[in-house]
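Chemist: Residues in the sequence shown are numbered from 54 upward in steps of one, following the working numbering. Take a look at this one; I'll ask things after.
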Amino acid sequence: ALPETISKNQRILADNIGVVATIDDLLTEKDGRTALSYAYGRTNAMLPDWMKTEQMVDSEALRNRVVASVQLENVKKLKGTGPITENEQKILANAASVLNNPLISVELAEKEMRRVKAMFATWSRENEAAIARGELDPNFATTETYEQKKARILKAKGE
Numbered sequence: 054a055l056p057e058t059i060s061k062n063q064r065i066l067a068d069n070i071g072v073v074a075t076i077d078d079l080l081t082e083k084d085g086r087t088a089l090s091y092a093y094g095r096t097n098a099m100l101p102d103w104m105k106t107e108q109m110v111d112s113e114a115l116r117n118r119v120v121a122s123v124q125l126e127n128v129k130k131l132k133g134t135g136p137i138t139e140n141e142q143k144i145l146a147n148a149a150s151v152l153n154n155p156l157i158s159v160e161l162a163e164k165e166m167r168r169v170k171a172m173f174a175t176w177s178r179e180n181e182a183a184i185a186r187g188e189l190d191p192n193f194a195t196t197e198t199y200e201q202k203k204a205r206i207l208k209a210k211g212e
């Protein structure tokens, strides 16, 4: 876990890099199979939980992390548009990625994982570049209180 004092922008960057690393873990081949092959496909998805191997459960957990990250990015895009219902969140997750469906083929899952990886890698590079250009403050702390934020805004306005 990241310390509380880490900046918001650094946390976002670390999260994006973490998603890319998770996808790499899913795409890495071990013993002739990728972890992705344990998380997708009709055979794996139809097994009851008590019959799944540890490898399958671990792979599904990694898959769920990626799907949740995609869903979270979509929720961020809607920030400020009002409350988002649980059903709307589900629709966002499904619309954002076919990865939410464990019944898809391993081939389609791999293609989609590579697309999502490219998306998160691009966001990471853009955030790093924006921090380097001074457009994002790497020290913008997430621990700022409402009163501190209000005072900072009023000071900036000259009030």
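Quick reminder that beta carbons are idealized off the backbone N, C-alpha and C, glycines included. Remember, predicted model here, so these are calculated numbers, not experimental data.
1) Residue 205 by DSSP, collapsed to three states: which one?
2) Could you check which residue in 150, 175, 125, 151 has the C-alpha nearest to that of residue 139?
3) For a test of the three-state rule: what should DSSP assign to residue 197, helix, strand or coil?
4) Using a Cβ distance threshold of 8 Å, determine whether the region 101-108 contacts the region 150-159, with at least three qualifying pairs required.
5) For my contact list, residue 152 and residue 166 are in at a C-beta cut-off of 8 Å; report their separation, rounded to the angstrom.
6) Among the residues of its own chain, which have a CB less than 6 Å from the CB of residue 122, if the five just before and after it don't count?
7) Residue 105 by DSSP, collapsed to three states: which one?
8) From the DSSP output, in three-state form, read off residue 81 for me.
9) Taking only beta-carbon positions, decide if residue 119 is within less than 8 Å of chain B.
10) Which residue's Cα is closest to the Cα of residue 94: 169, 205, 109, 209?
11) Tell me residue 87's beta-bridge partners as DSSP assigns them.
12) When the Cα atoms are used, what is the spatial distance from residue 194 to residue 208?
13) When burial is assigned at 16 or more other CB atoms within 10 Å of the CB, is residue 164 buried or exposed?
14) Can you give me the start and stop residues for the alpha helix (DSSP H) that residue 158 sits inside?
15) Do residue 169 and residue 76 have their C-beta atoms within less than 8 Å of each other?
16) What is the DSSP secondary structure of residue 100, counted as helix, strand or coil?
Modeler: Per the coordinate set shown:
1) Shown here, residue 205 sits in a helix according to DSSP, grouped into three states.
2) 125
3) Confidence is the limiting factor: at residue 197 the pLDDT is only 49, short of 50, which leaves the residue's position unreliable, though a coordinate-based value still follows. Three-state DSSP puts residue 197 in coil, outside helix and strand.
4) no
5) 7 Å
6) 72
7) coil
8) coil
9) Judged by its chain identifiers, the structure shown contains no chain B, having just a single protein chain.
10) The option with the nearest alpha carbon to residue 94 is 109.
11) 82
12) With a pLDDT of 45 at residue 194, under the threshold of 50, the predicted position of this residue should be treated as unreliable, and no value is reported.
13) The residue in question, residue 164, is exposed, as its Cβ has fewer than 16 Cβ neighbours within 10 Å.
14) Run containing residue 158: none; DSSP gives neither H nor E here.
15) A distance below 8 Å separates the beta carbons of residue 169 and residue 76.
16) When secondary structure is reduced to three states using DSSP, residue 100 falls in the coil class, being assigned neither helix nor strand.
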